[in-house]
Amino acid sequence: MRLLLALIVIATLTSSLSHGDENGLPRDLAITPLVAESCATSTCHGGTTPNSPAWTTSLSIHRANDPHATAGLLLLDDDSRRIVSRIDPNAKTSDTAYHNVLRTRCISCHATVKAEDCEPVGKIPSAIIGSGVSCDACHGEASGWLDQHIQTSWSTLANRKETGFRETKGILDRAQNCVRCHIGSRTKDGLIRDMNHDLVAAGHPALRFDLLIYHQNLPKHWDADSPSERKLDASSVRVRSVGRAVGLAAAASLSAERARDHLLNGRSVPWPELADYDCFACHQALTMASYHLPARDLNRSPLHISDGLPVWNAWYSISQLDFRESPEYLAALSPHRSDPKKLETAGEKVARHYMAKAEQAAKRPPSPTASLGEIADLLRHRPPVDWHEAAIAYLQIEAVIDDLSRRRQTAPLAQQFAAKLPLLERLLRFDANVPSPDAAFANSPYKFDTLTFQREVLAMFGASPNTTKSAPLSNPSP
9 MRLLLALIVI ATLTSSLSHG DENGLPRDLA ITPLVAESCA TSTCHGGTTP NSPAWTTSLS
69 IHRANDPHAT AGLLLLDDDS RRIVSRIDPN AKTSDTAYHN VLRTRCISCH ATVKAEDCEP
129 VGKIPSAIIG SGVSCDACHG EASGWLDQHI QTSWSTLANR KETGFRETKG ILDRAQNCVR
189 CHIGSRTKDG LIRDMNHDLV AAGHPALRFD LLIYHQNLPK HWDADSPSER KLDASSVRVR
249 SVGRAVGLAA AASLSAERAR DHLLNGRSVP WPELADYDCF ACHQALTMAS YHLPARDLNR
309 SPLHISDGLP VWNAWYSISQ LDFRESPEYL AALSPHRSDP KKLETAGEKV ARHYMAKAEQ
369 AAKRPPSPTA SLGEIADLLR HRPPVDWHEA AIAYLQIEAV IDDLSRRRQT APLAQQFAAK
429 LPLLERLLRF DANVPSPDAA FANSPYKFDT LTFQREVLAM FGASPNTTKS APLSNPSP
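This is the structure:
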């Protein structure tokens, strides 16, 4: 029933395609989503027969269960209206102003569009809103490969990417697909997908993408038992490692693109772009005690933030680029000193370097025990420097536990470690019980205690700070 209702709703929303644009816009301003035509037929990807091959029901599953399918509809809810009205106050009373903000700032990620659809020309056709993030958005515009992909030779065709088809079978391809929107890009597909500080300040959640979490939570509209999927799902450690490297590459590339566009377009592209930095370095509660830090604590203060030098791309750089170890780098990249020309060059270099590391991680056999040892060694020597480092350590531990649980020899150890995860998660969670006048604190880790986190993780490993005792990396029981 849920599937049927979802298909009826989306069919209603997209029906305007067959009757022309209800807003009187030129035809070339309204895209024709692939899902509205051949993909949706029951003989292709729109079937609903249980236990049939995965490809025959892939679109039906996507429409009924995948949040991407309703991403466009989110743009019409109350939260979106509040966000858009803060960006343009005229949007409170003008539908045209409201839809123009959606066109220029939102639909490049929340829908399946071309560059011309993002021009501020008034109300968006319901077909675009109703289709959400559909087939073309992830698989590439189909005009170059639609006929070929039904041929028996398609699966072995060597030049599929040249047709405009976007590969999604490999973990590297899949990660690069996701980060277009979930981190951002100002160049991919000719679209600007930039969830910058203006949008965060208006109320949009900051983007902290984690490939493994997204991949685990998405309803699979593909064949989960295929060899490529079994290989991809065989190791959470590998997926997270690849995702982290691709994430940093994408974030660095976006930073470089922002710098380049600022140099070309001036004030229309803000600089410095504060979304490139650690939110909590500025959004924190200051006390009188915080102004009297001993000299030895200037680099790592009890506040567990960046001490006035916000970390560039904090979520993605932590555990990969240790800016916190170098006050010189922190200063050079800080918002009040960063040179867009230098950052454009640096961002491009970082992007290339970490894409190469992602390719290596995708090929390298994962080692859960080595990953666990790295975390234990780090925390034996010092607590995490801030919430970001602790959160990434938690995610790495979670991935290791998942891998260990799949092996008979290490499954008991995984179960032992897993029992501690809820406590670590609670330590990392923001305070949801803050009274409304101080609601900003609910979106920051102002109560996070790095020493407590360090102690609990080491207790999980059977170690303590500043000891040489090794973490147990094999089942201690006979």
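All residue numbers for the sequence shown refer to my numbering, where the first residue is 9 and numbers rise by one. Heads up, the beta-carbon is just placed ideally off N, CA and C, and yes, glycines get one too.
Straight-line gap, residue i to residue j (C-alpha atoms, nearest Å)
| i | j | result |
| --- | --- | --- |
| Leu-466 | His-70 | 42 Å |
| Val-247 | Asp-347 | 34 Å |
| Leu-329 | Leu-199 | 29 Å |
| Lys-196 | Thr-160 | 30 Å |
| Thr-377 | Leu-220 | 19 Å |
| Asp-103 | Thr-78 | 21 Å |
| Ile-137 | Tyr-324 | 31 Å |
| Asn-108 | Pro-128 | 5 Å |
| Ser-234 | Gly-178 | 12 Å |
| Pro-473 | Leu-387 | 7 Å |
| Ala-242 | Glu-464 | 28 Å |
| Thr-164 | Asn-273 | 44 Å |
| Pro-227 | Leu-240 | 16 Å |
| Gln-404 | Leu-380 | 8 Å |
| Ala-44 | His-53 | Any answer about Ala-44 is weak, because its pLDDT of 48 lies below 50 and its placement is not dependable; what the coordinates show is given next. Going from the Cα of Ala-44 to the Cα of His-53 covers about 12 Å. |
| Ala-145 | Arg-174 | 9 Å |
| Leu-83 | Asp-74 | 16 Å |
| His-229 | Arg-372 | 27 Å |
| Asp-411 | Glu-382 | 16 Å |
| Ser-327 | Arg-182 | 22 Å |
| Ser-452 | Asp-385 | 27 Å |
| Ala-72 | Ser-139 | 12 Å |
| Arg-360 | Ala-259 | 12 Å |
| Lys-131 | Ala-257 | 35 Å |
| Thr-51 | Gln-156 | 17 Å |
| Asn-321 | His-147 | 28 Å |
| Asp-286 | Arg-238 | 36 Å |
| Ala-48 | Glu-170 | 25 Å |
| Asn-225 | Lys-357 | 32 Å |
| Asp-439 | Gly-80 | 30 Å |
Reduced DSSP category for residue i - H, G, I as helix; E, B as strand; rest coil
| i | result |
| --- | --- |
| Arg-201 | strand |
| Trp-162 | helix |
| Ser-193 | strand |
| Trp-323 | helix |
| Leu-466 | helix |
| His-300 | Here the model assigns His-300 a pLDDT of 48, short of 50, so the residue's position is not dependable, and the following value carries that caveat. In the structure shown, His-300 sits in coil (DSSP, three-state: anything other than H, G, I, E or B). |
Contact set for residue i: own chain, Cβ-Cβ below 7 Å, skip 5 residues either direction
| i | result |
| --- | --- |
| Glu-149 | Gly-172 |
| Cys-117 | Cys-189, Arg-201 |
| Leu-459 | Pro-391 |
| Gln-184 | Val-254 |
| Glu-281 | Asn-204, His-205, Arg-266 |
Residues of its chain near residue i, where Cβ-Cβ distance is below 6 Å and the 5 sequence neighbours each way are ignored
| i | result |
| --- | --- |
| His-270 | Val-277, Trp-279, Pro-348 |
| Ile-409 | Ala-422, Phe-425, Ala-426 |
| Val-92 | Ala-99, Tyr-106, Val-109 |
| Arg-268 | Glu-352 |
Beta-carbon spacing of residue i, residue j below 8 Å
| i | j | result |
| --- | --- | --- |
| Val-245 | Ala-407 | yes |
| Ala-366 | Val-187 | no |
| Met-203 | Gly-192 | yes |
| Ala-401 | Asp-231 | no |
| Phe-469 | Pro-392 | no |
| Ala-283 | His-205 | yes |
| Ser-142 | Thr-120 | yes |
| Ala-1 | Leu-154 | Residue numbering for the chain in the displayed model covers 9 to 486; residue 1 lies beyond these limits and cannot be assessed. |
| Arg-194 | Arg-266 | yes |
| Ala-471 | Leu-436 | no |
| Arg-111 | Asp-125 | yes |
| Ala-289 | Val-319 | yes |
| Arg-113 | Leu-262 | no |
Neighbourhood of residue i by C-beta distance below 8 Å, restricted to the same chain and skipping five residues each side
| i | result |
| --- | --- |
| Ser-413 | Ala-419, Ala-422, Gln-423, Ala-426 |
| His-190 | Leu-215, Phe-217, Tyr-222 |
| Gly-55 | Thr-64, Thr-65, Ser-68 |
| Leu-180 | Val-250, Val-254, Ala-366, Glu-367, Ala-370 |
| Leu-431 | Glu-464 |
| Ser-375 | Val-245 |
| Glu-433 | Tyr-402 |
| Arg-94 | Ala-209, Ala-210, Gly-211 |
Any chain B beta carbon closer than 8 Å to residue i
| i | result |
| --- | --- |
| Ala-364 | Here there is only one protein chain, and chain B is not present. |
Quick check for students: name the residue ranges of the alpha helix (DSSP H) that lie wholly in the segment 396–459, counting only runs of 4 or more. 419–426, 429–436
Run through the segment 122–155 for me and flag every whole alpha helix (DSSP H) of 4 or more residues, listed as ranges in chain order. 134–139, 143–147
Which full runs of the alpha helix (DSSP H) of 4+ residues lie inside the segment 210–258, going along the chain? 219–225, 235–241
List in chain order: all unbroken alpha helix (DSSP H) runs of 4+ residues lying wholly within the segment 44–107. 62–73, 86–95
Just to confirm the assignment: which complete alpha helix (DSSP H) runs, minimum length 4, are found wholly within the segment 339–391? 348–371, 376–389
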